[in-house]
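Novice: Protein chains in written order, with this note's numbering: chain A, 442 to 867; chain B, 2 to 148.
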Amino acid sequence: MAKYVIVGASAAGIAAVGAIRKVDPDGAIMAITEEDCADYSRPMISDLVSGKADLSKMKCKTDEFWKENKAELRLGKKVVSLNLAEKVVNLEDGEKIVFEKLLLATGGKPFVPKMEGQEKDGVFTFTNIAEALRLAAKIDRIKAKSAVVIGAGLIGISVTEALMKRGLKVTVVELQEKILSLLLDAKASGIVEAVIRKAGVDFATGQSVQKIIGRPENDGAVGGVILTRGDLVLCDLVIVAIGVIPRTELVVGTNVKINRGIVVDNFMRTSEPDVYASGDVAETYDFILNQNRSLPLWPLAVLEGRVAGANMAGAKTSYEGGTNMSSLKYFGIPIVSIGLANPTEDPTLEIIVKQDLEHNVYKKLVLRNHVIVGMTLVNCIERAGILFNLMKDKVNVKKFKQDLLRDDFGWAVLPVTMQRKMGVVQ
Amino acid sequence: MKKIIAKQEACMGCGICEVHCTVAHSKSKDIVRAYNSEKPKPISRIRREVNKPVSFAIQCRHCEDAKCVSACLSGAMQKDQKTGEVTHNKEKCIGCWTCVMVCPFGALVMDKEGHVVAKCDLCQGLTEPACVANCPNQALVFKEVKS
């Protein structure tokens, strides 16, 4: 039994531990994860595969974290069901753990569409450290030379870079007509695609994989893929990186309301008393769209986990909201994309752009009623945070709109009243 | 905690703060070597912002609720609960630029050569940060402020 039980020990779960402890110095905390390793940086699994980081570098908390917070960590324990009426969590090994407050921070699971041949040896997903280690070991064992990555989103591009760094020839297959389609407009996507192609990666956009085929000598092992238009791409490995879906299976059949993810309010409470959810499994507030939705992003999971923890422990803390926001470092071209970065035609939106294509620089702001609601910055991201702050605070930028795209944009071009308020100057 | 405060009316936008910050964060601590030969090239963590006639310098504000710390993907960015300083561990940094995306001050510097972030560390070990000590017009002051 523990006063606070947390299922999942990644971004949201760990943030909740710290937040609970700030409010309640003594209540017993137990975090349960089926993984053999907790508190590692999930976005860094690509660095693990590329060889840039090892497990110790990936640890985002010190070894003392659990002790300092007087929290019990159960590694390698799978929660198989919940009995919310009796406030019990059932583990696979039969143990029952009674809770007072429960946090579901189970994250997401990779989405894998049905494909002929998907059971073949050499097909991977890429969302946790165990998969990353298996992939890295497989590359070494079969001396893999080539891979097909299905999906050109964040995960797809990150694993592509890692594989390329290990010397593999990579072909990325993407159903949409452009890469990073959830983040970038056609122009920005084109710039980034050209940079990645130059690094030696091939793209097959507007297509998907209809069939994974075996090797001539061993049909059970991956030998290539056949694309929807019939093209054959030979490869040693297939990595499915289409996206993640909320891992809601524990609450299916309970009274906890699910939409795509678990429905929560701004205190991270689910529809059931004393049951909270946060991170990739939950649908949380998007301050640009003004609605809750699934936003599977590490920094947001941390903020959500903090809010959940504080409220579980009795403090009243409301979530300020997040939005679709990503910073990308891959292939040496930094990109920031936030909010409505690629809106569909909408007469209420104003779009301002500045570009220097020779240097792969592209800046785009999307405004509604003189308030920034979306932005894309390619290869010039250093002041992105200032713009993000204007966006988050819904600042009316009418008077200095054009200054926002200046090459020397910074706090000096913003009104002195704002500078004072932020304490930038005295 | 003690923070570096910019006095806009006293700043001439000369950029000497950037020079001394660079030198203070070099290996050699020698201005000529820092600028001409040192590898990796040391970089300034303070930035002169100029929009004539306005100018001032800006660097990490060591925020109480630091956005960079909660956003950090690797655990490189931490808030020191005792000193209040926002610390950055270069060895842990993966240069994902997530902190750059969320810093409301735009105060984090991208060390593109090292593929990591660089930021103000308040010149730990010196009695006064180098930018403050060397500002020719006392446009930077190091003083106790409410967080």
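Backbone N, C-alpha and C define an ideal beta-carbon position, used for all residues, glycine too.
Please name the residues in the region 87 to 110 of chain B whose beta-carbon is closer than 9 Å to at least one beta-carbon of chain A, in chain order.
Specialist: Per Cβ criterion, the list reads Glu92, Lys93, Ile95, Gly96, Cys97, Trp98, Thr99, Cys100, Val101, Met102, Val103, Cys104, Pro105, Phe106, Gly107, Ala108, Leu109 and Val110.
Novice: May I ask you to list the residues that DSSP assigns as paired with Ser425 (chain A)?
Specialist: Because chain A spans 442 through 867 in this model, residue 425 (chain A) falls outside it and cannot be assessed.
Novice: Assuming contact is defined by CB atoms lying nearer than 8 Å, are Gly755 (chain A) and Val464 (chain A) in contact in what I supplied?
Specialist: Yes, they are a contact pair.
Novice: Measuring CB atoms only, is the region 724 to 744 of chain A touching the region 597 to 608 of chain A, in the sense that at least three cross pairs come out at less than 8 Å?
Specialist: Judged by Cβ distances under 8 Å, the region 724 to 744 of chain A makes no contact with the region 597 to 608 of chain A, as fewer than three pairs qualify.
Novice: In angstroms, rounded to a whole number, what distance separates the CA positions of Lys913 (chain A) and Ala119 (chain B)?
Specialist: The requested residue 913 (chain A) is not part of the displayed model; chain A covers only 442 to 867.
Novice: By DSSP, does His21 (chain B) sit in helix, in strand, or in coil?
Specialist: It is helical.
Novice: Please state whether the Cβ-Cβ distance between Ala645 (chain A) and Thr612 (chain A) is less than 8 Å.
Specialist: Yes, Cβ-Cβ distance for Ala645 (chain A) and Thr612 (chain A) is below 8 Å.
Novice: Does the beta carbon of Lys498 (chain A) come closer than 8 Å to any beta carbon on chain B?
Specialist: At least one chain B Cβ lies under 8 Å of Lys498 (chain A).
Novice: Do three or more CB pairs link the region 551 to 567 of chain A to the region 647 to 654 of chain A at distances below 8 Å?
Specialist: These segments touch.
Novice: Which value, in whole angstroms, describes the spacing of the CA atoms of Asp797 (chain A) and Val633 (chain A)?
Specialist: Approximately 14 Å between the Cα atoms of the pair.
Novice: Out of curiosity, what's the CA-to-CA distance linking Asn752 (chain A) and Ala472 (chain A)?
Specialist: Distance between the alpha carbons of Asn752 (chain A) and Ala472 (chain A) is about 17 Å.
Novice: Ala627 (chain A) and Ile486 (chain A) - do their beta-carbons sit closer together than 8 Å?
Specialist: No; because the gap between Cβ atoms is not below 8 Å, this pair is not in contact.
Novice: How close, in whole Å, do the beta carbons of Ser451 (chain A) and Gly548 (chain A) come, if the pair is a contact with beta carbons under 8 Å?
Specialist: Yes, they are in contact, since the Cβ atoms of Ser451 (chain A) and Gly548 (chain A) sit about 6 Å apart, within 8 Å.
Novice: Measure the beta-carbon distance from Tyr760 (chain A) to Met709 (chain A) and round it to whole angstroms, keeping in mind my assumption that it falls under 8 Å.
Specialist: Yes, Tyr760 (chain A) and Met709 (chain A) are in contact; Cβ-Cβ is about 7 Å, under 8 Å.
Novice: So, is the C-beta of Lys120 (chain B) closer than 8 Å to a C-beta in chain A?
Specialist: No, its Cβ sits nowhere closer than 8 Å to a Cβ of chain A.
Novice: If we count the other Cβ atoms within 10 Å of its Cβ and call it buried at 16 or more, is Val590 (chain A) buried or exposed?
Specialist: Counting Cβ neighbours within 10 Å, Val590 (chain A) comes out buried, since at least 16 surround it.
Novice: Starting from Val530 (chain A), follow its DSSP beta bridges and name the residues at the other end.
Specialist: The partner list for Val530 (chain A) (beta bridge, DSSP) reads A:Leu523 and A:Ile538.
Novice: How is Lys840 (chain A) classed by DSSP in three states: helix, strand or coil?
Specialist: Note: Lys840 (chain A) maps to helix in three-state DSSP.
Novice: Which bits of chain A does Gly50 (chain B) rub up against, with CB to CB less than 9 Å?
Specialist: The residue asked about is misnamed: residue 50 (chain B) is Glu in this sequence, not Gly. Asp849, Gly851, Trp852, Ala853, Val854 and Val865, listed in chain order.
Novice: Just to confirm the assignment, what range does the alpha helix (DSSP H) spanning Ile620 (chain A) have?
Specialist: Segment: none, Ile620 (chain A) is in no alpha helix (DSSP H) and carries neither H nor E.
Novice: Cβ atoms of Val681 (chain A) and Val490 (chain A): under 8 Å apart, would you say?
Specialist: No, the pair does not count as a contact, with Cβ atoms beyond the cut-off.
Novice: Could you tell me whether the Cβ of Arg62 (chain B) comes closer than 8 Å to any Cβ of chain A?
Specialist: Arg62 (chain B) counts as touching chain A.
Novice: For Lys8 (chain B) and chain A, any beta-carbon pair shorter than 8 Å?
Specialist: Interface residue, yes.
Novice: With a threshold of 7 Å on Cβ separation, who are the neighbours of Cys124 (chain B) within its own chain once the five nearest residues in sequence on each side are excluded?
Specialist: So the list reads Ala25, Pro130 and Ala131, once near-sequence residues are dropped.
Novice: Would you say Ile150 (chain B) reaches chain A, if we count a Cβ-Cβ gap shorter than 8 Å as a contact?
Specialist: Missing from the structure shown is residue 150 (chain B); chain B here goes from 2 to 148 and no further.
Novice: Who are the neighbours of Leu74 (chain B) on chain A, taking C-beta pairs under 8 Å?
Specialist: Within chain A, the residues near Leu74 (chain B) are Ser482, Pro484, Met485, Cys501, Trp739 and Pro740.
Novice: At a CB-CB cut-off below 9 Å, which residues of chain A make contact with Ser56 (chain B)?
Specialist: What Ser56 (chain B) touches in chain A: Ala853.
Novice: Could you tell me whether the region 48 to 56 of chain B touches the region 30 to 37 of chain B, using the rule of 3 or more Cβ pairs below 8 Å?
Specialist: The answer is no - the region 30 to 37 of chain B does not touch the region 48 to 56 of chain B, with fewer than three Cβ pairs under 8 Å.
Novice: Classify Met387 (chain A): buried if its beta carbon has 16 or more other beta carbons within 10 angstroms, exposed otherwise.
Specialist: Nothing about residue 387 (chain A) can be reported from this structure: the residues present for chain A run from 442 to 867 only.
Novice: What three-state label does DSSP hand Thr601 (chain A) in the structure shown?
Specialist: Helix at Thr601 (chain A).
Novice: Over the uninterrupted beta strand (DSSP E) stretch that includes Glu145 (chain B), give me the two end residues.
Specialist: Taken as a continuous stretch (DSSP letters only), the beta strand (DSSP E) holding Glu145 (chain B) covers Leu141 to Glu145.
Novice: Measure the C-alpha to C-alpha separation of Ser27 (chain B) and Pro43 (chain B) and round it to an integer number of angstroms.
Specialist: Approximately 5 Å, taken between the alpha carbons.
Novice: If you draw a straight line from the alpha carbon of Arg734 (chain A) to that of Asn138 (chain B), how long is it in whole angstroms?
Specialist: Computed Cα separation, rounded: 51 Å.
Novice: Which residues in chain B have a C-beta closer than 9 Å to the C-beta of Asn830 (chain A)? List them in chain order.
Specialist: Here the neighbours are Lys68, Val103, Cys104, Pro105, Phe106 and Gly107.
Novice: In whole angstroms, give me the CA-to-CA distance for Thr128 (chain B) and Arg847 (chain A).
Specialist: Distance between the alpha carbons of Thr128 (chain B) and Arg847 (chain A) is about 37 Å.
Novice: Does Ser45 (chain B) come within less than 8 Å of chain A when only Cβ atoms are used?
Specialist: Judged by the 8 Å Cβ criterion, Ser45 (chain B) is not in contact with chain A.
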